[in-house]
Amino acid sequence: MTAAPHALTLDPGLRDLTAADHHLRTLAAELALPEDVFGCTHLIRGDRPRVAVSLALPSGPLPRTALEGLTAQGRTWTEGVPDGSGRAVLYPGAAALTGTLTVAETLSRSAITSVVTLGSPEPPSPETRLATGGHVRPQWQGDDLVLTTMPAARGLLVPFEVPDPTPCCADH
1 MTAAPHALTL DPGLRDLTAA DHHLRTLAAE LALPEDVFGC THLIRGDRPR
51 VAVSLALPSG PLPRTALEGL TAQGRTWTEG VPDGSGRAVL YPGAAALTGT
101 LTVAETLSRS AITSVVTLGS PEPPSPETRL ATGGHVRPQW QGDDLVLTTM
151 PAARGLLVPF EVPDPTPCCA DH
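In full-length UniProt numbering, the protein residues as written are 1 to 172.
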């Protein structure tokens, strides 16, 4: 994410990632953003914890029509991103990451540059199967978009982030 000189950040005051994901998808649709847009979430800590969102294109600034659309909607933004570790919701190839794919297919179909597995010092082999569950949220680590996975049954990998996590202490 450090290589996104034309990024902008919106801080809609959201409190959770699910709402931020929805917000990014809605913005992309309303503003007719191109398929190669990067839409990321960023956790803002401090006195008022919240989730901000950023938008960027790999090849230049967002289209003028998108900026005009944001202005017409009364939205304000700041230039740049709040941190270099945004969690990607929208990224080139994200829509193609459904079902079960190999690690090699995941890398070739999307902007994800590497896959890592929790607890393993080595990356998974290109033939390792990844059950996406339709929810693939890689994270920027410097200039690399990295998908963190974890082992699952039958030798599969699954993304570390699940779409509907059980809240801590849900059974009390």
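All residues carry an ideal CB built from backbone N, CA and C; glycine is no exception. Just so you know, these numbers come straight off a predicted model, no measurement behind them.
Residue i vs residue j beta-carbon contact at 7 Å
{"i": "residue 136", "j": "residue 101", "result": "no"}
{"i": "residue 89", "j": "residue 130", "result": "no"}
{"i": "residue 9", "j": "residue 82", "result": "yes"}
{"i": "residue 58", "j": "residue 6", "result": "no"}
{"i": "residue 151", "j": "residue 145", "result": "no"}
{"i": "residue 11", "j": "residue 52", "result": "yes"}
{"i": "residue 140", "j": "residue 85", "result": "yes"}
{"i": "residue 157", "j": "residue 132", "result": "no"}
Cβ neighbour criterion (16 or more within 10 Å) applied to residue i
{"i": "residue 87", "result": "buried"}
{"i": "residue 45", "result": "exposed"}
{"i": "residue 162", "result": "exposed"}
{"i": "residue 159", "result": "buried"}
{"i": "residue 33", "result": "buried"}
{"i": "residue 65", "result": "exposed"}
Cβ-Cβ separation, residue j to residue i (assumed contact under 8 Å), whole Å
{"i": "residue 111", "j": "residue 92", "result": "4 Å"}
{"i": "residue 50", "j": "residue 14", "result": "6 Å"}
Inter-stretch contact (C-beta, 8 Å, three-pair minimum) for the stretch 17 to 26 and the stretch 41 to 55: By the criterion of at least three beta-carbon pairs nearer than 8 Å, the stretch 17 to 26 is in contact with the stretch 41 to 55.
Within the stretch 75 to 120, ranges of the beta strand (DSSP E) (whole runs, at least 3 residues): Fully enclosed beta strand (DSSP E) runs of 3 or longer: 87 to 90, 100 to 102 and 114 to 117.
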